[in-house]
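Visitor: In our numbering, the protein residues as written are 4 to 523.
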């Protein structure tokens with residue numbers, strides 16, 4: 004079955020499911036808008052900076068080096084064409100992404116299982132009601148666009164493996180290059196592109212060896228220019244690229260990945276699922292002989308399934324060895340695992356067909372299909388319930404996952420209300436313990452308030468060590484949010500030891516001061 008060969012009825016079905024997903028994102032963000040994290044503010048502020056002609060700089064005015072520029076560039080272009088803030092545009096971009104993302108999952112499943120329409124229907128609906136997808140789609144983040152690239156790269160690659168042609172290869176190169184400019188982990192696309200082109204030309208590799216080399220090399224050119232010329236040559240730093248030994252715990256990352264995947268399958272804690280799952284796997288292992296497992300591997304290595312499974316494998320291995328473990332310990336933080344959903348869905352359907360149904364009579368096969376439908380109906384019901392609860396709470400309080408700054412508590416806080424009614428002089432330099440929040444609400448560049456670069460909890464000794472004659476300017480203000488979650492920041496009472504503070508606002512949610520160098 005060639006790419007996109009769906010019947011009119013099937014096209015209508017995947018389109019309706021895609022639109023339903025878009026409606027869910029729209030509804031969940033209709034109260035306060037998108038969730039905004041610290042990463043979100045890097046994207047938003049650098050988009051504003053680029054549009055203003057200052058290059059890609061973040062809310063502190065520092066050059067953007069920790070993130071590739073594509074997402075910020077998209078937001079900048081959107082604001083330039085419309086005048087609407089990137090924060091608002093990010094919402095509508097994600098709403099639009101949901102349509103081809105969900106529809107694309109249906110196209111992929113139909114392509115893999117041309118003779119089994121049930122998997123097409125169940126898989127498309129499963130994507131529609133997959134709750135973790137919406138925690139990402141309701142946040143200003145790169146993940147939804149990255150997953151869309153991942154899905155459509157796999158669809159194009161499957162077509163290329165069936166019949167290699169230069170047009171499709173060029174499209175794959177462009178997608179791989181775009182993925183690297185979207186996220187550092189997008190380099191997994193380049194590796195997958197190289198391996199897939201080697202596989203496609205395996206019988207002609209002696210004469211076609213240059214195809215994988217040139218195609219993967221070409222896809223690296225944009226990110227090499229960004230890092231090599233812009234970051235290293237112009238700025239003297241490569242950015243946060245590669246392995247960070249002291250912040251990466253590979254075994255813990257594997258544990259978290261497995262726990263979150265198991266957690267998707269049931270409302271019960273993962274510990275209650277491992278026993279029955281282990282017993283089921285043992286039964287499947289003994290039920291199947293070597294030829295069954297060979298057939299299973301052949302199905303997964305087919306031209307329709309290999310691209311998504313290969314790309315997902317490279318992606319998650321790279322994630323395990325590079326993601327900062329301590330930043331992603333929250334049980335709800337499965338953003339790195341969600342892109343695996345498409346390949347896991349295919350593995351599940353292939354396993355049911357090859358490892359279970361192939362042993363049964365037609366009557367028994369129908370019984371298995373009934374059980375699968377019942378289990379997925381239950382699974383879908385659990386996830387649908389989570390989605391409706393998420394929409395309800397997000398409308399009332401703001402998006403509740405991956406959101407630090409656009410919450411009801413912060414939006415309606417006395418500190419924010421005071422600053423809206425009493426704007427700070429544009430000539431004044433702003434300092435804050437939460438500079439992201441200041442930029443989000445007021446679109447003003449803001450410096451980090453005094454903090455301890457050596458300790459997680461600020462040591463008063465280092466205040467005198469690092470902040471002699473602070474602040475360096477007379478017209479400066481301190482905006483301090485409470486509670487002080489970033490414990491490495493010094494409290495105003497401690498800052499008063501090195502600078503003169505004049506109170507402007509004191510409240511339970513924060514404090515605002517005029518700050519001047521300490522009078523000698």
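Even for Gly, the Cβ is constructed at its ideal location relative to N, Cα and C.
A quick note: this is a predicted structure, and the numbers were derived from the prediction, not measured.
When the Cα atoms are used, what is the spatial distance from residue 479 to residue 518?
Guide: Straight-line spacing of the CA atoms in residue 479 and residue 518 works out to 5 Å.
Visitor: So, using beta-carbon positions, are residue 36 and residue 94 closer together than 8 Å?
Guide: Yes, the pair counts as a contact, with Cβ atoms nearer than the cut-off.
Visitor: Between the region 23-34 and the region 394-411, do three or more beta carbon pairs fall short of 8 Å?
Guide: yes
Visitor: Quick check on residue 130: does DSSP put it in helix, strand or coil?
Guide: helix
Visitor: Whose C-alpha, out of 47, 370, 310, 375, is nearest the C-alpha of residue 165?
Guide: Residue nearest to residue 165 within the set 47, 370, 310, 375 is 310 (criterion: CA-CA distance).
Visitor: Tell me, which residues are paired with residue 145 by DSSP?
Guide: Beta-bridge pairing links residue 145 to no other residue.
Visitor: Quick check for students: name the residue ranges of the alpha helix (DSSP H) that lie wholly in the region 315-362, counting only runs of 4 or more.
Guide: Annotation note: the region 315-362 contains the following uninterrupted alpha helix (DSSP H) runs of length 4 or greater, listed N- to C-terminal: 344-354.
Visitor: Buried or exposed, going by whether 16 or more other CB atoms sit within 10 Å of the CB of residue 250?
Guide: In summary, residue 250 is exposed, with fewer than 16 beta-carbon neighbours lying within 10 Å of its beta-carbon over all protein chains present.
Visitor: By DSSP, does residue 60 sit in helix, in strand, or in coil?
Guide: strand
Visitor: By a C-beta neighbour count over all protein chains shown, 10 Å radius and 16 as the cutoff for buried, is residue 237 buried or exposed?
Guide: exposed
Visitor: So, are the CB atoms of residue 475 and residue 497 less than 8 Å apart?
Guide: no
Visitor: Using three-state DSSP, classify residue 39 as helix, strand or coil.
Guide: coil
Visitor: What number of angstroms, rounded off, separates the C-alpha of residue 345 from the C-alpha of residue 487?
Guide: 40 Å
Visitor: Which term fits residue 515, buried or exposed, when burial requires 16 or more other beta carbons within 10 angstroms of its beta carbon?
Guide: Around the beta carbon of residue 515, 16 or more other beta carbons sit within 10 angstroms, so the residue counts as buried.
Visitor: Please report how far the alpha carbon of residue 186 lies from the alpha carbon of residue 71, in whole angstroms.
Guide: 6 Å
Visitor: Which parts of the region 149-221 are runs of the alpha helix (DSSP H), unbroken and 4 residues or longer, counting only runs that do not cross its ends?
Guide: Listed in chain order, the complete alpha helix (DSSP H) runs (minimum 4 residues) inside the region 149-221 are 169-185, 190-203, 208-211.
Visitor: Measure the CB-CB distance between residue 46 and residue 84 and report whether it falls below 8 Å.
Guide: no
Visitor: Using three-state DSSP, classify residue 275 as helix, strand or coil.
Guide: Its pLDDT being 49, under 50, residue 275 is placed unreliably in this model, and the coordinates cannot settle the point.
Visitor: In whole angstroms, give me the CA-to-CA distance for residue 2 and residue 16.
Guide: Lying before the first or after the last residue shown, residue 2 is absent from the chain, which here runs from 4 to 523.
Visitor: Identify whether residue 526 lies in helix, strand or coil by the three-state DSSP scheme.
Guide: Here the chain covers residues 4 to 523 and nothing more, so residue 526 does not appear.
Visitor: On a CA-only basis, which of 198, 461, 407, 483 is nearest residue 433? Give me that one, please.
Guide: 483
Visitor: Find the nearest neighbour of residue 389 within the set 10, 27, 9, judged by alpha-carbon distance.
Guide: Out of 10, 27, 9, 27 has the C-alpha closest to the C-alpha of residue 389.
Visitor: Per DSSP, what kind of secondary structure is residue 135 in: helix, strand or coil?
Guide: helix
Visitor: DSSP state of residue 518, grouped into three classes?
Guide: strand
Visitor: Would you report the Cα separation of residue 353 and residue 372, rounded to the nearest angstrom?
Guide: 13 Å
Visitor: Should the region 311-323 be called in touch with the region 189-201, which here means at least 3 C-beta pairs below 8 Å?
Guide: yes
Visitor: Could you round the C-beta distance between residue 110 and residue 22 to whole angstroms and report it? I think they count as a contact, below 8 Å.
Guide: Residue 110 to residue 22, Cβ: 15 Å. No contact.
Visitor: So residue 105 and residue 130 are supposed to be a Cβ contact under 8 Å. How far apart are they, rounded?
Guide: Contact flag correct, Cβ pair sits at about 5 Å.
Visitor: Under 6 Å Cβ to Cβ from residue 204, same chain only, skipping five residues before and after it: list those, please.
Guide: Scanning its chain for C-beta atoms nearer than 6 Å, with the 5 sequence neighbours on each side dropped, one finds around residue 204 the residues 211, 214, in chain order.
Visitor: Which whole-angstrom value is the C-beta distance of residue 546 and residue 491, which I expect to be below 8 Å?
Guide: Here the chain comprises residues numbered 4 to 523, so residue 546 is not present and cannot be evaluated.
Visitor: Could you tell me how far apart the beta carbons of residue 481 and residue 440 are, in whole angstroms, since I believe they sit closer than 8 Å?
Guide: Actually they are not in contact, since the Cβ atoms of residue 481 and residue 440 sit about 14 Å apart, beyond 8 Å.
Visitor: Apart from the five residues on each side of it in sequence, which residues of its chain come closer than 6 Å, Cβ to Cβ, to residue 263?
Guide: Only 337, 340 meet the Cβ criterion.
Visitor: Are residue 448 and residue 358 close, meaning C-beta to C-beta below 8 Å?
Guide: Not closer than 8 Å, so no.
Visitor: Exposed or buried, residue 471, counting other C-beta atoms within 10 Å across all chains shown (16 or more means buried)?
Guide: exposed
Visitor: Rounded to whole angstroms, what is the Cα-Cα separation between residue 273 and residue 158?
Guide: Its pLDDT being 49, under 50, residue 273 is placed unreliably by the model, and the measurement read from it follows with that caveat. One C-alpha to the other measures close to 32 Å.
Visitor: State buried or exposed for residue 228, treating a residue as buried only when at least 16 other CB atoms are found within 10 Å of its CB.
Guide: exposed
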